[in-house]
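S.K.: Just so we're aligned, residue 187 is where the sequence shown starts under this note's numbering, counting upward by one.
There's a structure below that I have some questions on.
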Amino acid sequence: MKQLHLSAPIDVVHTLLPLVSWKRKEFEWIEANIAPVVSALNGSWIGEREGMKLAAKHRESATWKNPNDLAILTTGGWYARYEQAGIDGSSVSVAISESTKEEFKRWYAPPEDWRCETILYGVDHLVFRPSNTDDEDEQLAHEA
Numbered sequence: 187m188k189q190l191h192l193s194a195p196i197d198v199v200h201t202l203l204p205l206v207s208w209k210r211k212e213f214e215w216i217e218a219n220i221a222p223v224v225s226a227l228n229g230s231w232i233g234e235r236e237g238m239k240l241a242a243k244h245r246e247s248a249t250w251k252n253p254n255d256l257a258i259l260t261t262g263g264w265y266a267r268y269e270q271a272g273i274d275g276s277s278v279s280v281a282i283s284e285s286t287k288e289e290f291k292r293w294y295a296p297p298e299d300w301r302c303e304t305i306l307y308g309v310d311h312l313v314f315r316p317s318n319t320d321d322e323d324e325q326l327a328h329e330a
């Protein structure tokens, strides 16, 4: 990333917290040397793990047959530390729903000055929406 930034300056670094495994020092270094970090919150390891435990408690057999679910059950706590580093080290977090935002508040310890916005499913619905086929001008513009 450092080399890329030298050749083509980076404005912002976007991460997806369930998938990035950076420690707090790495977030701090990127914020100090590259660009602000925006972390998307698309669900959490701890929330997934607790959901799997609840499903297992209710004897849902799929919890023990799916390799991904087994991985969540056994490694969720390990990967949760990277999510904590992400909410601590990002300039702003963007949750895909209010429920996801509340999940992070419940299972993690966001800093007092945590900036977290909610953009439903990560899409600005005022920009990305189906065209209105009942509006002739809009339909003609879409077909052009």
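We put the beta carbon where it would ideally sit given N, CA and C, even for glycine.
Which residues in the same chain have their Cβ closer than 7 Å to the Cβ of E234, if we skip the five residues on either side of it in sequence?
M.R.: Residue 234 sits at position 48 when you count from the first residue of the sequence shown. So the qualifying residues of the chain are I258, G262.
S.K.: Could you check whether the segment 237-254 touches the segment 291-299, counting it as contact only if at least three pairs of C-beta atoms, one from each stretch, sit closer than 8 Å?
M.R.: no
S.K.: When you compare the segment 194-204 with the segment 212-228, are there three or more beta-carbon pairs, one atom per stretch, that lie closer than 8 Å?
M.R.: yes
S.K.: What residues match up with V224 in a beta bridge as DSSP calls it?
M.R.: The sequence position of residue 224 within the sequence shown is 38, counting from 1. Note: V224 sits in a beta bridge opposite H200, V278.
S.K.: Out of L240, I273, A242, point me to the one whose CA is closest to K209's CA.
M.R.: If you number the sequence shown from 1, residue 209 lands on position 23. Nearest of L240, I273, A242 to K209, Cα basis: I273.
S.K.: Of the choices E284, Y268, S277, whose alpha-carbon is the least far from that of D197?
M.R.: In the sequence shown, residue 197 corresponds to position 11, counting from 1. Looking from the CA of D197, the closest CA among E284, Y268, S277 belongs to S277.
S.K.: How would you label A281, buried or exposed, when you count the other beta carbons within 10 angstroms and need 16 or more for buried?
M.R.: Position 95 of the sequence shown, counted from the first residue, corresponds to residue 281. Buried, because 16 or more other Cβ atoms sit within 10 Å of the Cβ of A281.
S.K.: Compute the Euclidean distance between the alpha carbons of K239 and I216, then round it to the nearest angstrom.
M.R.: Counting from 1 along the sequence shown, the entry for residue 239 is found at position 53. Counting from 1 along the sequence shown, the entry for residue 216 is found at position 30. Going by the C-alpha atoms only, they are around 35 Å apart.
S.K.: In angstroms, rounded to a whole number, what distance separates the CA positions of L190 and I220?
M.R.: By one-based count along the sequence shown, residue 190 stands at place 4. By one-based count along the sequence shown, residue 220 stands at place 34. L190 and I220: Cα-Cα distance of roughly 10 Å.
S.K.: By Cβ distance, which residues of its chain are closer than 6 Å to E284, with the 5 residues on each side in sequence left out?
M.R.: Along the sequence shown, read from residue 1 onward, the residue named residue 284 stands at position 98. The residues are T304.
S.K.: Sorry if obvious, but does the Cβ on G275 come closer than 6 Å to a heavy atom of the ligand HEM?
M.R.: In the structure on display, the ligand HEM does not appear, and there are no ligands present to speak of.
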